[in-house]
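Asks:
4 protein chains.
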Amino acid sequence: MKTMLLPLALGLSLSFASAGSTTAAETALPTFDKARTAIVITDPQNDFLSPKGKLYGLVADNMKKLGTIGNIETLMKTAKARGVTLAVDPLVYTLRDVDWSRAGALQRQLLDMGALRRTALSDPKGFEGSGADFYGPFKRYIHDGESIVVAPHKMYGPESNDLIYQLRARGIDTVVLGGLVANLCVDSHMRALMENGFRVYVVKDAVAAPGEDAYKAALVNYAMIANGVLTTEEAVKALSQ
Amino acid sequence: MKTMLLPLALGLSLSFASAGSTTAAETALPTFDKARTAIVITDPQNDFLSPKGKLYGLVADNMKKLGTIGNIETLMKTAKARGVTLAVDPLVYTLRDVDWSRAGALQRQLLDMGALRRTALSDPKGFEGSGADFYGPFKRYIHDGESIVVAPHKMYGPESNDLIYQLRARGIDTVVLGGLVANLCVDSHMRALMENGFRVYVVKDAVAAPGEDAYKAALVNYAMIANGVLTTEEAVKALSQ
Amino acid sequence: MKTMLLPLALGLSLSFASAGSTTAAETALPTFDKARTAIVITDPQNDFLSPKGKLYGLVADNMKKLGTIGNIETLMKTAKARGVTLAVDPLVYTLRDVDWSRAGALQRQLLDMGALRRTALSDPKGFEGSGADFYGPFKRYIHDGESIVVAPHKMYGPESNDLIYQLRARGIDTVVLGGLVANLCVDSHMRALMENGFRVYVVKDAVAAPGEDAYKAALVNYAMIANGVLTTEEAVKALSQ
Amino acid sequence: MKTMLLPLALGLSLSFASAGSTTAAETALPTFDKARTAIVITDPQNDFLSPKGKLYGLVADNMKKLGTIGNIETLMKTAKARGVTLAVDPLVYTLRDVDWSRAGALQRQLLDMGALRRTALSDPKGFEGSGADFYGPFKRYIHDGESIVVAPHKMYGPESNDLIYQLRARGIDTVVLGGLVANLCVDSHMRALMENGFRVYVVKDAVAAPGEDAYKAALVNYAMIANGVLTTEEAVKALSQ
Chain H
1 MKTMLLPLAL GLSLSFASAG STTAAETALP TFDKARTAIV ITDPQNDFLS
51 PKGKLYGLVA DNMKKLGTIG NIETLMKTAK ARGVTLAVDP LVYTLRDVDW
101 SRAGALQRQL LDMGALRRTA LSDPKGFEGS GADFYGPFKR YIHDGESIVV
151 APHKMYGPES NDLIYQLRAR GIDTVVLGGL VANLCVDSHM RALMENGFRV
201 YVVKDAVAAP GEDAYKAALV NYAMIANGVL TTEEAVKALS Q
Chain V
1001 MKTMLLPLAL GLSLSFASAG STTAAETALP TFDKARTAIV ITDPQNDFLS
1051 PKGKLYGLVA DNMKKLGTIG NIETLMKTAK ARGVTLAVDP LVYTLRDVDW
1101 SRAGALQRQL LDMGALRRTA LSDPKGFEGS GADFYGPFKR YIHDGESIVV
1151 APHKMYGPES NDLIYQLRAR GIDTVVLGGL VANLCVDSHM RALMENGFRV
1201 YVVKDAVAAP GEDAYKAALV NYAMIANGVL TTEEAVKALS Q
Chain B
2001 MKTMLLPLAL GLSLSFASAG STTAAETALP TFDKARTAIV ITDPQNDFLS
2051 PKGKLYGLVA DNMKKLGTIG NIETLMKTAK ARGVTLAVDP LVYTLRDVDW
2101 SRAGALQRQL LDMGALRRTA LSDPKGFEGS GADFYGPFKR YIHDGESIVV
2151 APHKMYGPES NDLIYQLRAR GIDTVVLGGL VANLCVDSHM RALMENGFRV
2201 YVVKDAVAAP GEDAYKAALV NYAMIANGVL TTEEAVKALS Q
Chain U
3001 MKTMLLPLAL GLSLSFASAG STTAAETALP TFDKARTAIV ITDPQNDFLS
3051 PKGKLYGLVA DNMKKLGTIG NIETLMKTAK ARGVTLAVDP LVYTLRDVDW
3101 SRAGALQRQL LDMGALRRTA LSDPKGFEGS GADFYGPFKR YIHDGESIVV
3151 APHKMYGPES NDLIYQLRAR GIDTVVLGGL VANLCVDSHM RALMENGFRV
3201 YVVKDAVAAP GEDAYKAALV NYAMIANGVL TTEEAVKALS Q
């Protein structure tokens, strides 16, 4: 029994050990078919990324340590330079999204504090530059007429928007994933995309979490679940081959 | 064998026979728990409902015969009068939705002719009064600050938008369904909502199809699949109890 | 206005006209990438296909007219001969599936009459040769160790089983679809697969419906929604190129 | 800015702080409508729970510390004593599930080592007592003719099986969740169920993870995402009111 379990445990421990460190398996870069690959960024919005954002304070430390904003911009630039599809998937609540009787713990707080809120999807009033709007420096990549901007998700994953449909409609089956928040929307997107048959590579320094524990939680799950975990540098290298 | 099949066939034929005719089973009105019921209208937009709409010509005959526009308005009014949730689920394509390599036959034609098109979800330019905008006379019900306006669906069903999430978030488990097009978006919504565990009652004269055959096709499927098929008059009566 | 609508209506009418007839567009066979294509057959089970089956009487006329059983076998043989994945997606209710409070009209009847029923998924008792078991002559193709047999669907589409996951896990993005019942499970599979980004080609004589009206309903919807509608002969030709 | 962020950060930190500790919010037990509530247990199978199981070694430490097996049995007993629906959702791979070209890191290892494997869903050969079979002591609750045994999931969440359909078919909208593995299948079920509009309460000592870091990761995510996090004792108390 012990001898049978040992190699298995060792084999499995590869997945755990890789969280936070660099293993041999990770340094062998994946080969991407660029026509079938998209860079997907979740929640690149002011409330997370701008110093005035309602949720900035929660992720600021982790963002600075990882260089998240710069790394996301590097991924966006790489998408444009390499002809890879860029898709952004925002989190937005409207004025009508408050009476949800089954909101989870953190979602309830986000709704109550008016984070990521706009009047209505089709109403431009007060949206420009608001917490729900895209982070200013990213708009040149997002609004270039080529990027895919899907309808907002409402919880943490893409189950209730057109992200998967838009990717599939273009024959994309592989996603390089980053954005906010590491253990919430990014993790949920990783899981949901994989349940739908996508290969997912998470860029672990193009994300940010609300505190060290939440970031560690994200790394543990990325390492076990995803097809691969990359740094921004590795992702750029792999997409430039 | 024959004797065993006979009653079964008769039993089943109830479902078939009811298409287009009124059966005893239908005249027993369903009892709706109004707090758990929503009226859902698909595609109440100018391109279908306005005489200048790009697709109006295709459904005009069926709409006139059934009184579709008046019946949809009656349902919307009833929702407001009876405190029942009204949700509308539009079909909109953006400028970025054209390079879909797997569009189906009719979807390809809709994309190519620019039907139901707006620049982008967040871009108000040229939207007001366009074919993608809601039909003018319905806006007072849709934009009253109470109705749920979900993100557009992209094919025919609600698989890629937040309709189901918005209904579930409010504890709704029963849908009274109408809208355009009878055998396409209405049928797809009926199927998808039921696969997700909703009870669905289709209002057969608050829909319209592109021609008699398509309308008959819709009726055949409603009768077999839905929890019930109602006229607008019956739906109003059931919701007023 | 009239001149603008006219060509559009004509354009659209192509989709309608093709229901039941052969158009120029259909005779241009699609080109299939065999590594990315699967033949999917819904409900190839005794209760539909065997003369003793509980639902045989309902579809027998249509099956004889179309040659459904022979055509499905031809598709299965072609899959094996051409190295194309064959997947079958049965409809099975267990003893525990009776207390469904929201079953639709026909589903309620199927549950009540014990159609397509087995004790439990993991319980072999009484299953062999029952109405829920696969039609005998097809077992050699289904149980060859290569075909994919997914868990049963519970309503009409694949929303609640592993069909899509199994196809995606193998890189398949195109489906050639046939089986029972034309306007119910086949139509629901067509819609759900397409909402999930698959290209779907329906084989219109490898299906069968409960009566002429239901078959016509299926044809109307296939022609508008699917990527293409083929005869078995055309499907075999396209898969043999 | 600072004053605005401070209360928000404090407010949000409630969600983080509650991971692993008991807060006032948690001790106020939720009120369950028993007719609308199900206890859902993921992966209660030998390969995780039996000392001879292929994956037992990975979760054994955490299980002993938490009393996982005893706590799951307590939940199962409570379901039966209180008339609450019990649903189990196993993870099973068949012989045909090996050629998945997009398996994630840990899933690849599970497939390669033959964990949780049976020949085929319908094939009883070698299943009884195998690693894929249910843990012996739990069978009296699972096979009592009342519990819902859904088709296996294939990755970590219920996206590709009938769990959600079975719950919705019975009017259930609230889930008390436990099982294996804390940060994988349990976390994925929590997210997917909530995206589908269920209220989810996770029982944090009726789960187990492969190591302390993975367990901490699970707690962090439960606290932020779920509607509530309970101990087994609290869950039993809440279900006995």
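Note that the protein sequences, when read in sequence, are chains H, V, B and U.
Each residue of the first sequence is one higher than the one before, starting from 1 at the first, in this note's numbering.
Each residue of the second sequence is one higher than the one before, starting from 1001 at the first, in this note's numbering.
Each residue of the third sequence is one higher than the one before, starting from 2001 at the first, in this note's numbering.
Each residue of the fourth sequence is one higher than the one before, starting from 3001 at the first, in this note's numbering.
Beta carbons are placed, not taken as given, at the ideal position from N, Cα and C, and that holds for glycine.
Model, not experiment: these values are computed from the prediction.
Can you tell me which of B:Asn2221, B:Pro2090 and B:Leu2086 puts its alpha carbon nearest to the alpha carbon of aspartate 2187 of chain B?
Replies: The count along the third sequence starts at 1 and reaches residue 2187 of chain B at position 187. Comparing Cα positions, the closest option is B:Asn2221.
Asks: Could you tell me which residues DSSP pairs with phenylalanine 2134 of chain B in its beta bridges?
Replies: Here residue 2134 of chain B refers to the residue found at position 134 of the third sequence. Paired residue(s): B:Gln2045.
Asks: For valine 2293 of chain B, which three-state DSSP category applies?
Replies: The structure shown does not extend to residue 2293 of chain B, since chain B is modelled only from 2001 through 2241, so no value can be given for it.
Asks: In chain H, what lies closer than 7 Å to arginine 2168 of chain B by C-beta?
Replies: Numbered from 1 along the third sequence, position 168 holds the residue referred to as residue 2168 of chain B. The contacting residues are Asn196 and Gly197.
Asks: What residue range is occupied by the uninterrupted beta strand (DSSP E) comprising threonine 2231 of chain B?
Replies: The sequence position of residue 2231 of chain B within the third sequence is 231, counting from 1. It is not in any beta strand (DSSP E) - threonine 2231 of chain B carries neither H nor E in the DSSP assignment.
Asks: On a Cα-Cα basis, can you pick out the residue from H:Ala120, H:Val202 and H:Ile41 that is closest to leucine 95 of chain H?
Replies: In the first sequence, the residue the question calls residue 95 of chain H occupies position 95. Residue H:Ala120 is the option with its Cα nearest to leucine 95 of chain H.
Asks: Under 8 Å, do leucine 1239 of chain V and phenylalanine 1032 of chain V count as touching if we go by C-beta distance?
Replies: Counted from its first residue, the second sequence places residue 1239 of chain V at position 239. Counted from its first residue, the second sequence places residue 1032 of chain V at position 32. In contact: leucine 1239 of chain V and phenylalanine 1032 of chain V (Cβ atoms closer than 8 Å).
Asks: Does the pairing of the stretch 3175-3184 of chain U with the stretch 3071-3085 of chain U give three or more beta-carbon distances under 8 Å?
Replies: With the cut-off at 8 Å, the stretch 3175-3184 of chain U and the stretch 3071-3085 of chain U touch.
Asks: List the whole-angstrom C-beta distance separating methionine 76 of chain H from tyrosine 135 of chain H, where the pair is believed to meet the contact cut-off of C-beta under 8 Å.
Replies: Your numbering for residue 76 of chain H matches position 76 in the first sequence. Your numbering for residue 135 of chain H matches position 135 in the first sequence. Between tyrosine 135 of chain H and methionine 76 of chain H the Cβ distance is about 11 Å, and since that is not below 8 Å, they are no contact.
Asks: Along chain H, which residues have their Cβ under 7 Å away from the Cβ of asparagine 3221 of chain U?
Replies: Working through the fourth sequence from its first residue, we reach residue 3221 of chain U at position 221. Near asparagine 3221 of chain U (Cβ distances below 7 Å), the residues of chain H are Asn183 and Ala217.
Asks: Identify each residue in the stretch 3079-3105 of chain U for which the Cβ-Cβ distance to at least one residue of chain H is less than 7 Å, and report them in chain order.
Replies: Residues passing the 7 Å Cβ filter: Arg3102, Gly3104 and Ala3105.
Asks: Tell me, please, whether the CB atom of glutamate 1159 of chain V is closer than 8 Å to any CB atom in chain B?
Replies: Counting from 1 along the second sequence, the entry for residue 1159 of chain V is found at position 159. Closer than 8 Å: yes.
Asks: How far does the beta strand (DSSP E) with threonine 174 of chain H in it extend, from its first residue to its last?
Replies: Stepping through the first sequence from its first residue, residue 174 of chain H is reached at position 174. Unbroken beta strand (DSSP E) run through threonine 174 of chain H: 174-180.
Asks: Listing by chain order, which chain U residues have their CB less than 7 Å from the CB of glycine 2126 of chain B?
Replies: Here the question's residue 2126 of chain B lines up with position 126 in the third sequence. Here the premise fails: no neighbours, minimum Cβ distance about 13 Å.
Asks: As a quick exercise: from U:Asp3205, U:Lys3216 and U:Ile3225, pick the residue whose alpha carbon is nearest that of valine 3236 of chain U.
Replies: The residue labelled residue 3236 of chain U in the question sits at position 236 within the fourth sequence. The residue with the shortest Cα to Cα distance from valine 3236 of chain U is U:Asp3205.
Asks: For leucine 1246 of chain V, decide whether its Cβ has a neighbour in chain H, counting only Cβ atoms nearer than 8 Å.
Replies: Residue 1246 of chain V cannot be examined here, being either before or after the span of chain V that is shown, 1001 to 1241.
Asks: Spell out a yes or no on whether the stretch 3148-3156 of chain U and the stretch 2109-2124 of chain B are touching, meaning 3 or more CB-CB pairs, one atom from each, closer than 8 Å.
Replies: Output reads yes: the stretch 2109-2124 of chain B touches the stretch 3148-3156 of chain U.
Asks: Enumerate, from N- to C-terminal direction, the unbroken beta strand (DSSP E) stretches of 3 or more residues contained entirely within the stretch 3069-3154 of chain U.
Replies: Here the runs fully enclosed are 3085-3089.
Asks: Please say whether isoleucine 3225 of chain U and arginine 3191 of chain U have beta carbons closer to each other than 8 Å?
Replies: Residue numbering aside, residue 3191 of chain U sits at position 191 when the fourth sequence is read from its first letter. Residue numbering aside, residue 3225 of chain U sits at position 225 when the fourth sequence is read from its first letter. Yes, Cβ-Cβ distance for arginine 3191 of chain U and isoleucine 3225 of chain U is below 8 Å.
Asks: Quick check on glutamate 2026 of chain B: does DSSP put it in helix, strand or coil?
Replies: The sequence position of residue 2026 of chain B within the third sequence is 26, counting from 1. For glutamate 2026 of chain B, the pLDDT reaches just 47, beneath the cut-off of 50, and the residue's location in the model is therefore unreliable, although a value from the coordinates is still provided. The answer is helix: DSSP assigns glutamate 2026 of chain B an H, G or I state.
Asks: Given this structure, state the Cα-to-Cα distance separating glycine 2126 of chain B from aspartate 2133 of chain B, to the nearest angstrom.
Replies: Your numbering for residue 2126 of chain B matches position 126 in the third sequence. Your numbering for residue 2133 of chain B matches position 133 in the third sequence. The straight-line gap from Cα to Cα measures roughly 10 Å.
Asks: Does the contact criterion of 3 or more C-beta pairs under 8 Å hold for the stretch 1049-1057 of chain V versus the stretch 1080-1097 of chain V?
Replies: Output reads no: the stretch 1080-1097 of chain V does not touch the stretch 1049-1057 of chain V.
Asks: Please name the residue, chosen from H:Thr78, H:Leu58, H:Arg117 and H:Ala209, that lies closest to valine 98 of chain H on a Cα-to-Cα basis.
Replies: Position 98 of the first sequence, counting from 1, holds the residue named residue 98 of chain H. It is H:Arg117.
Asks: Determine, using beta carbons only, whether alanine 2035 of chain B comes closer than 8 Å to chain V.
Replies: Numbered from its first residue, the third sequence carries residue 2035 of chain B at position 35. No, its Cβ sits nowhere closer than 8 Å to a Cβ of chain V.
Asks: Can you look up alanine 2209 of chain B in the DSSP assignment and give me helix, strand or coil?
Replies: To locate residue 2209 of chain B, count along the third sequence from 1; it is residue 209. Reduced to three states, the DSSP call for alanine 2209 of chain B is coil.
Asks: Between the stretch 2060-2068 of chain B and the stretch 2203-2217 of chain B, are three or more C-beta pairs nearer than 8 Å?
Replies: The answer is yes - the stretch 2203-2217 of chain B touches the stretch 2060-2068 of chain B, with three or more Cβ pairs under 8 Å.
Asks: So what's valine 1169 of chain V in DSSP terms, helix, strand or just coil?
Replies: Counting from 1 along the second sequence, the entry for residue 1169 of chain V is found at position 169. The sequence shown places alanine at residue 1169 of chain V, rather than the valine named in the question. Alanine 1169 of chain V falls in the helix class under three-state DSSP.
Asks: Taking 8 Å as the CB-CB limit, is isoleucine 1142 of chain V close to chain H?
Replies: By one-based count along the second sequence, residue 1142 of chain V stands at place 142. No, its Cβ sits nowhere closer than 8 Å to a Cβ of chain H.
Asks: Could you tell me if serine 160 of chain H is buried or exposed, where buried requires 16 or more neighbouring beta carbons within 10 angstroms of its beta carbon?
Replies: Here residue 160 of chain H is taken as the residue at index 160 of the first sequence, counted from 1. Its Cβ being crowded by 16 or more others within 10 Å, serine 160 of chain H is buried.
Asks: Determine the DSSP secondary structure at alanine 1217 of chain V, reduced to helix, strand or coil.
Replies: Translated into the one-based positions of the second sequence, residue 1217 of chain V becomes position 217. Looking at alanine 1217 of chain V - three-state DSSP - the assignment turns out to be helix.
Asks: Smallest Cα separation from glutamine 1109 of chain V: which of B:Asn2227, B:Glu2233 and B:Arg2108?
Replies: Within the second sequence, residue 1109 of chain V is the residue found at index 109, counting from 1. Answer by Cα proximity: B:Asn2227.
Asks: Under a three-way DSSP split, which group does serine 2240 of chain B fall into?
Replies: Here residue 2240 of chain B refers to the residue found at position 240 of the third sequence. If DSSP states are grouped into helix, strand and coil, serine 2240 of chain B belongs with coil.
Asks: Use the C-beta contact count for alanine 1115 of chain V: other C-beta atoms within 10 angstroms, 16 or more gives buried, fewer gives exposed.
Replies: As a position in the second sequence, residue 1115 of chain V is number 115, starting the count at 1. It is buried - the Cβ of alanine 1115 of chain V has at least 16 other Cβ atoms within 10 Å.
Asks: Any beta-carbon of chain H closer than 8 Å to the one on valine 1059 of chain V?
Replies: Position 59 of the second sequence, counting from 1, holds the residue named residue 1059 of chain V. For valine 1059 of chain V, the answer is no, since every Cβ of chain H falls outside 8 Å of its Cβ.
Asks: Relative to the alpha-carbon of valine 3203 of chain U, which residue among U:Leu3230, U:Ala3223, U:Glu3212 and U:Gly3171 has its alpha-carbon at the smallest distance?
Replies: Counting from one through the fourth sequence, the residue named residue 3203 of chain U turns up at place 203. Here the closest residue by C-alpha is U:Leu3230.
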